Structures are given as structure tokens and as C-alpha cells.
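A.B. asks: These protein sequence lines are chains R and V, in that order.
Using the working numbering, the letters of the first sequence correspond one by one to residues 1 to 355.
Using the working numbering, the letters of the second sequence correspond one by one to residues 1 to 355.
Number of protein chains: 2
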Amino acid sequence: MDLDLLARGTGEWLRGSGTDADIVISSRLRVARNLADFPFCMRSSEIDRREIERTLKQCAETVPMGRAMHYLEVSRLSSLDRQFLVERHLISREHAAAEGCRGAAVSDDEDVSLMFNEEDHLRIQVIKSGFSLKECWDLVDQIDTQIEARVRYAFDEEFGYLTACPTNVGTGVRASVMLHLPALAMTKQIDKVFRALQKIHLAVRGLYGEGSQASGDFYQISNNVTLGRTERELIGDIEVVVPQIVDYERRVRKELVKESKQTIHDRVSRAYGILRAAQTITSEETMHLLSSVRLGVNLKLIEDVPIGTVNDLFIHTQPAHLQKLQGQELDSEKRNVARAAYLRLRLSNPDSSRN
Amino acid sequence: MDLDLLARGTGEWLRGSGTDADIVISSRLRVARNLADFPFCMRSSEIDRREIERTLKQCAETVPMGRAMHYLEVSRLSSLDRQFLVERHLISREHAAAEGCRGAAVSDDEDVSLMFNEEDHLRIQVIKSGFSLKECWDLVDQIDTQIEARVRYAFDEEFGYLTACPTNVGTGVRASVMLHLPALAMTKQIDKVFRALQKIHLAVRGLYGEGSQASGDFYQISNNVTLGRTERELIGDIEVVVPQIVDYERRVRKELVKESKQTIHDRVSRAYGILRAAQTITSEETMHLLSSVRLGVNLKLIEDVPIGTVNDLFIHTQPAHLQKLQGQELDSEKRNVARAAYLRLRLSNPDSSRN
Numbered sequence: 001m002d003l004d005l006l007a008r009g010t011g012e013w014l015r016g017s018g019t020d021a022d023i024v025i026s027s028r029l030r031v032a033r034n035l036a037d038f039p040f041c042m043r044s045s046e047i048d049r050r051e052i053e054r055t056l057k058q059c060a061e062t063v064p065m066g067r068a069m070h071y072l073e074v075s076r077l078s079s080l081d082r083q084f085l086v087e088r089h090l091i092s093r094e095h096a097a098a099e100g101c102r103g104a105a106v107s108d109d110e111d112v113s114l115m116f117n118e119e120d121h122l123r124i125q126v127i128k129s130g131f132s133l134k135e136c137w138d139l140v141d142q143i144d145t146q147i148e149a150r151v152r153y154a155f156d157e158e159f160g161y162l163t164a165c166p167t168n169v170g171t172g173v174r175a176s177v178m179l180h181l182p183a184l185a186m187t188k189q190i191d192k193v194f195r196a197l198q199k200i201h202l203a204v205r206g207l208y209g210e211g212s213q214a215s216g217d218f219y220q221i222s223n224n225v226t227l228g229r230t231e232r233e234l235i236g237d238i239e240v241v242v243p244q245i246v247d248y249e250r251r252v253r254k255e256l257v258k259e260s261k262q263t264i265h266d267r268v269s270r271a272y273g274i275l276r277a278a279q280t281i282t283s284e285e286t287m288h289l290l291s292s293v294r295l296g297v298n299l300k301l302i303e304d305v306p307i308g309t310v311n312d313l314f315i316h317t318q319p320a321h322l323q324k325l326q327g328q329e330l331d332s333e334k335r336n337v338a339r340a341a342y343l344r345l346r347l348s349n350p351d352s353s354r355n
Numbered sequence: 001m002d003l004d005l006l007a008r009g010t011g012e013w014l015r016g017s018g019t020d021a022d023i024v025i026s027s028r029l030r031v032a033r034n035l036a037d038f039p040f041c042m043r044s045s046e047i048d049r050r051e052i053e054r055t056l057k058q059c060a061e062t063v064p065m066g067r068a069m070h071y072l073e074v075s076r077l078s079s080l081d082r083q084f085l086v087e088r089h090l091i092s093r094e095h096a097a098a099e100g101c102r103g104a105a106v107s108d109d110e111d112v113s114l115m116f117n118e119e120d121h122l123r124i125q126v127i128k129s130g131f132s133l134k135e136c137w138d139l140v141d142q143i144d145t146q147i148e149a150r151v152r153y154a155f156d157e158e159f160g161y162l163t164a165c166p167t168n169v170g171t172g173v174r175a176s177v178m179l180h181l182p183a184l185a186m187t188k189q190i191d192k193v194f195r196a197l198q199k200i201h202l203a204v205r206g207l208y209g210e211g212s213q214a215s216g217d218f219y220q221i222s223n224n225v226t227l228g229r230t231e232r233e234l235i236g237d238i239e240v241v242v243p244q245i246v247d248y249e250r251r252v253r254k255e256l257v258k259e260s261k262q263t264i265h266d267r268v269s270r271a272y273g274i275l276r277a278a279q280t281i282t283s284e285e286t287m288h289l290l291s292s293v294r295l296g297v298n299l300k301l302i303e304d305v306p307i308g309t310v311n312d313l314f315i316h317t318q319p320a321h322l323q324k325l326q327g328q329e330l331d332s333e334k335r336n337v338a339r340a341a342y343l344r345l346r347l348s349n350p351d352s353s354r355n
């Protein structure tokens, strides 16, 4: 797989299409699986790991997934390439940082990705734009079922699927949606949402998962519990709560426009102006300003940028993406200059394709 | 004189031409004169004032000034029109705020203006773009000499010309230059300039004279003393010191570009971006950002705005100008919206004429 080409392109999940795509950026579903005949990764030898990867890779190659899959030997990638895959949500930060034999497989459209020898032997992830957890689950389930027909998973009648970390035992399912909630953040009502989600055992994280800041007003909501409930129940929990948050965000946006349209218009317009003018800009400021621009596009206060371009820029202005696009490693100061140049280019002609 | 038409146009002194016009916006020279046969304004009756104005107006009409003069009955103007003339530097704030019979005469090009019944019976002002005090003085002197041939000025062999305020006694001359010193302000070196000027009895004021803030990094330097020295000596003092300040500002600009070009470029570029994007903006922020843009144009970091347009915008975005341009009185909030719209219009097509 040509990662330079991948860097210039964009994943299906960033297209800004699908249900409630103004607020729900993407839906993601992953399952954690382990082979019964091998110890968990943390206890496995390098020989075990090679055998685990060989087995799963071979198996995945024979499973008809309806899309071309590309295999990556993560252990052989440069740290820049690994960081790039993390920014692209194709592998986890842990998988990038780990040592020893490990791999990944990514579909052309970037909707399906597999990780071999991450925390668990196998992780299957499907990510799609908009609010589409059911669609994600159907595809994950289909791939999982076909792989299960070819290998023996570690499974316990009482507990369900066994995983390296007890929080994943049972279904091994983590369902999550990435929400863009600038109005709730701006009006400080986001804390109410957090408290409500905590009560029903849902977790809130930033754009890059556990421990990452909610920069750009992105909030990833996912289930904490995997045990004792069926996959459909877990997904159902999120499917019930997300439309409520979406409604809340929409209501606050409407109020903002009604009560202080000038202020909002000024804010989003200035953010757009700065992004098109800056000569050097940090990632943090970029996320912050892009969040306002995204709100502006959704409120039709900014008319000449497609939402897909804005979604894209959140990812393409991340450090590893910038360096891939420039074809060289850059220190933080040079990245800030390159980021500003890239933003000016993309936003001066926002309808243009990335390629 | 059609003040609405005047509001849409611009004075010669804003054209950004002339010596050192990158830093010296304009040079101004005025003399204060009183008629020997009348008491000073502060002690004169309304009948006196009418007679003073009639005499001086008639006299000025017969003096060949080489340019068409327009007479304004300041006492009959709306407060908006009076404020507009102050913003345009054609009459003083005191003249606008005073009561009773008083007038002004303004030339087509706005380089010559006369005030009748201001603090003194007559004030003759010439203002020109760039560093051109000598030229200003020659014109003031020529007009003054011709008026003096027709009326009897209050003059004392020992003290010279007598004026209402003792600070003007002697020559009655105030010479001033308006400097734009963004680099000295940015690097906090402007205080050194202030201290040096104080020592040689020169005053530093803001864009709108006494008591006004130095917003937009504009500094007006003028003589404090009018007594005991000839006009040429007073002008000479300023003519010696201004090139030194100009050199200092240029040197600091060069250093800034050399040592932190990226930072400066980012600053001026963002300022330009915000001015072209804002939906509401205060006068203060406008001055601040325009100052950066002006620096950017002079450093050739911004290429598509003529310096005359930037000079112009400092004046045309003032409250009374905005209201004249909109053809209606506006409260502060509406002015901020109108100001932003006007800036977007002028800067989206910066080469376009104002008219």
C-alpha cells in the first residue's frame, strides 16, 4: 500500500455524508478477538506473534470482504508512517508504539481495518461517515463470522469472547461515534452532556481516543461495558443517546443564530479569514478555528467550502499528515509554516480536489 | 460644499506620496492670528463674532489661493457633519464643539483649511502628504501674507503675534508631522523616542491631537514653543529630528524582517485576513489591524493593496465617516457592522476607487 498516495487521499468516513453528518462525523465499531491456541500478546513470544500474524493474515486474505485489502507490516514502518496511520484512525496509538511483529490490513476506502498483534491478536474495525453504527456492526459481524469459520477464537461459554484486557471480555465490542459539538462547547453546556453520559456508563474522549484532548470540539462517545449484554444492546444504548445529543446541539445552534447571529457570523467568518491568511499556525489553533468554520458551513454562514473539505483538513493538518504531504520530516516550527501554507492552498480554492 | 461627496473622496494628504511617505503620513502647518480691532473670541460678543467672521471670510474670498475654497457655516452643521470634519482633520475638535457663530473654509484638495472664530479669530492650516513642512510653510506664509495685507492683525513688536492662548504667542506657528511607527511600537522602543523628543521640547500626540490615544501606531510630533524663535527655526527643529526617527523606525523594521520574518509576515497577513473577514469590528481593533497591514504593505509582504487605500481606511472607518457613507446615523453596534462591511468591500477589491 502506497502510504504517500493514501496521505493525499481521504477516508470514506470523512466525506461528511450519511445520517446527521452535520454533527455526527463518523461511527466506528470494533471487535477484539484472540486465537484459542496462542497466549495473549502480552505473554506471547516473538515466534508466537509471527505465527499469530501469519495465521490471521492468511485467513483474512481468504475471506471475501467485498473490497481490496492492503497489508502493512507495522513493525517495519517508520515512526512517521505509523503516526500517520494513527492520525488516520487506521491503527491505534498503542499499535504504533508497540514493539515486535505486528501488522494491519486496510481497505481501499479505509472503512475496514484489521490489526494483528495489537493488545489482542485481532481487532476488526469498521468506520463510516455519519450516524451509521448498525451498518458498521453488520459489516464487522460479517467479517468476524467469516474469520471465525476459519480459526478457533478464545471463547468461554460463561464469559463470551476472552480478551487481553478484562474491560473487553464478553462481546469484545466497542461502538463509538465522533460528534462535533461546537455550540454545546461554546455555551458551556457540554458538561451537562458529560454527566448524563457517565451515569449511563458511556465514555467521552477526544478526537484521538483515550487521553486525547477534545480539541476542535470533537467528542467521541463509546461504551465502557462489553460484558453481560449483547452486541445489539450495547449499540442500542448509543443509538438511543446520540440523537438526543444531536438534538441538543442543534437546538443550541438555533438559539445562537436567533439571539446573536452577528456574533456567531463574525466568529466563524474571522476563523475562516485567519485560516486563509496565517503564515504559521499550530495544530491546536487550527483545530480550534476549523471547528468554527465547520459550524459556519453547517449554519450556511460560510457557503464556499464543502463540509468534506473541512472534515478532511482536521486530519490532513495533523503533524504526520503534513510531513507525508511535504515528503519530508519537519520540526514543529516548520510544520506550523507548512500547515499554514497547506490551509491557504486548500481554502483559497476550497472546491478543488486534494489530489 | 457637499459634505456627502467629500466623505466619499479623500484628501491630498492621504495619498501616501511625497518624501518618506512610508513613515511620514502627512505634514501640517498652522498659524494662529487675531484681528487687532476685536477682543479675543473667548471675550467677544456674538455680534463681534459675526463681524469677525464676515471680515475674514470676505478677505479670504478676495485672496488668490490658487485653489477653489468652500465656505462652511460650522455653527449650522449637524453634530455628525462637524464630527466628520474633525475626523478629516479639516477643523479642530474645539471648533466642532464650540457654540456661537463660527465658520471654516476648505480647499477642493483639502490641503488648505481656514477656521474663523476658533480659539483665535483666524487659523490657517495647510496639510500635505509625506514629509513636506517647508512646502506647507510656504503656502501658509503666502496665504497669511496676503490676508495680512488686507486686515490688521493683533501684533506686538516685542512678543510678535498675539493669541488667545499664551502658548501660541510669537509666531503663532504649530508645525506637526504624523508618523506611523509600528515597528518602534511593537518593539517597545517608542518610549525612547518620546523621552528624546520631550528633552527638545517637542510634543507627541495621537492621530486626533491633544488627548487622543496613539491608536494605529500613529504619532503626531509638533513644537511646543512658539515664542522667541523664528518660524524657520521652529520648523527646522522638527525637520532635523524627523529623519532620525524615520531612520530608527526603518532600522527596526529591517531587523524585524531579518530576525523574525515569519512572525511579522504572519502578523500582517492575519491582520489583513481578519479585516477582510470580520462581520463586526470596533474602531480601535480596525486601527490596530490596519497598522499591521500598513506595515505589511511597506515591507512588501502584502502586495495587492495600494498604500493610499490603507491610509484612507484609517479615516474612512471613523464613526462619522461611516455614518456619512451610509447616509444615516448609526449606534455603535450598527457602526461596527457597517465598518466591517465597508472594510470587506474596500479590501476585497483594493485597487478599486472609492467613488
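Glycine residues also receive a C-beta, built at the ideal position from the N, C-alpha and C atoms.
Please read all numbers here as calculations on a predicted model, not as lab measurements.
Does DSSP put Phe218(V) in a helix, a strand or coil?
C.D. replies: Here Phe218(V) carries a strand assignment [DSSP, helix/strand/coil].
A.B. asks: On the criterion of 16 or more Cβ atoms from any shown chain inside 10 Å, does Gln58(V) qualify as buried, or is it exposed?
C.D. replies: Exposed.
A.B. asks: Quick one: is Glu303(V) near chain R, going by C-beta distance under 8 Å?
C.D. replies: no
A.B. asks: Are the C-beta atoms of Val337(R) and some chain V residue less than 8 Å apart?
C.D. replies: yes
A.B. asks: Between Tyr153(V) and chain R, is there a C-beta pair that is closer than 8 Å?
C.D. replies: Using a Cβ-Cβ cut-off of 8 Å, Tyr153(V) does not count as an interface residue toward chain R, since no Cβ of chain R sits closer than that to its own.
A.B. asks: Do Ala379(R) and Arg123(R) have their C-beta atoms within less than 8 Å of each other?
C.D. replies: Because chain R here runs from 1 to 355, residue 379(R) falls outside it and cannot be looked at.
A.B. asks: Straight-line CA distance for Tyr219(V) to Ile23(R)?
C.D. replies: 50 Å
A.B. asks: Ends of the beta strand (DSSP E) at Leu125(R)?
C.D. replies: Residue identity differs from the one stated: residue 125(R) is Gln in this sequence, not Leu. It spans Leu122 to Ser129 - the beta strand (DSSP E) in which Gln125(R) sits, taken as one unbroken run.
A.B. asks: Establish whether the CB of Thr317(R) and some CB of chain V are separated by less than 8 Å.
C.D. replies: no
A.B. asks: Starting from the beta carbon of His265(R), find every residue of chain V whose beta carbon is closer than 7 Å, and list them in chain order.
C.D. replies: Residues of chain V passing the Cβ test: Gln279.
A.B. asks: Just by C-beta distance, which residues in the stretch 245-269 of chain V are closer than 8 Å to chain R?
C.D. replies: Residues passing the 8 Å Cβ filter: Gln262, Thr263, His265, Asp266 and Ser269.
A.B. asks: Can you name the start and end residues of the alpha helix (DSSP H) that Leu275(R) belongs to?
C.D. replies: Glu231 to Ala277
A.B. asks: Per the DSSP calculation, Val31(R) is bridged to which residue(s)?
C.D. replies: Ile124(R) and Val173(R)
A.B. asks: Using a Cβ-Cβ cut-off of 8 Å, state whether Ile221(R) counts as contacting chain V.
C.D. replies: no
A.B. asks: To the nearest angstrom, how far is it from the Cα of Arg82(V) to the Cα of Glu255(R)?
C.D. replies: 41 Å
A.B. asks: Which residue wins for smallest C-alpha separation from Ala341(V), given the options Arg335(R), Asp304(R), Ser269(R) and Leu234(R)?
C.D. replies: In terms of CA proximity to Ala341(V), Ser269(R) leads the group Arg335(R), Asp304(R), Ser269(R) and Leu234(R).
A.B. asks: For Met42(R) and Glu51(R), what's the separation of their Cα atoms in angstroms?
C.D. replies: Distance between Met42(R) and Glu51(R), taken at the CA atoms: about 15 Å.
A.B. asks: Please state whether DSSP places Leu90(R) in a helix, a strand or coil.
C.D. replies: coil
A.B. asks: State the start and end residues of the unbroken beta strand (DSSP E) segment that holds Ser107(V).
C.D. replies: Segment Gly103 to Ser107, the beta strand (DSSP E) holding Ser107(V).
A.B. asks: Count the other CB atoms within 10 Å of the CB of Lys300(R); is the residue buried (16 or more) or exposed (fewer)?
C.D. replies: exposed
A.B. asks: Kindly list, in the order they appear in chain V, the residues whose Cβ is closer than 7 Å to that of Arg276(R).
C.D. replies: Gly273
A.B. asks: Just reading off the alpha helix (DSSP H) that Arg344(V) is part of, what are its end residues?
C.D. replies: Ser332 to Ser348
A.B. asks: Under three-state DSSP, which class holds Phe314(V)?
C.D. replies: Three-state DSSP puts Phe314(V) in a helix.
A.B. asks: Mind checking which residues open and close the beta strand (DSSP E) that includes Phe194(V)?
C.D. replies: Careful: Phe194(V) lies outside any beta strand (DSSP E), inside the alpha helix (DSSP H) at Ile190 to Lys199.
A.B. asks: From Leu207(R) to Met178(R), what distance separates their C-alpha atoms?
C.D. replies: 7 Å
A.B. asks: Quick one: is His89(R) buried, meaning 16 or more other Cβ sit within 10 Å of its Cβ, or exposed?
C.D. replies: buried
A.B. asks: By the 10 Å Cβ neighbour count, where 16 or more other Cβ atoms means buried, how is Lys261(V) classified, buried or exposed?
C.D. replies: exposed
A.B. asks: Could you check what DSSP says for Leu72(R) in three-state terms: helix, strand or coil?
C.D. replies: Leu72(R) falls in the strand class under three-state DSSP.
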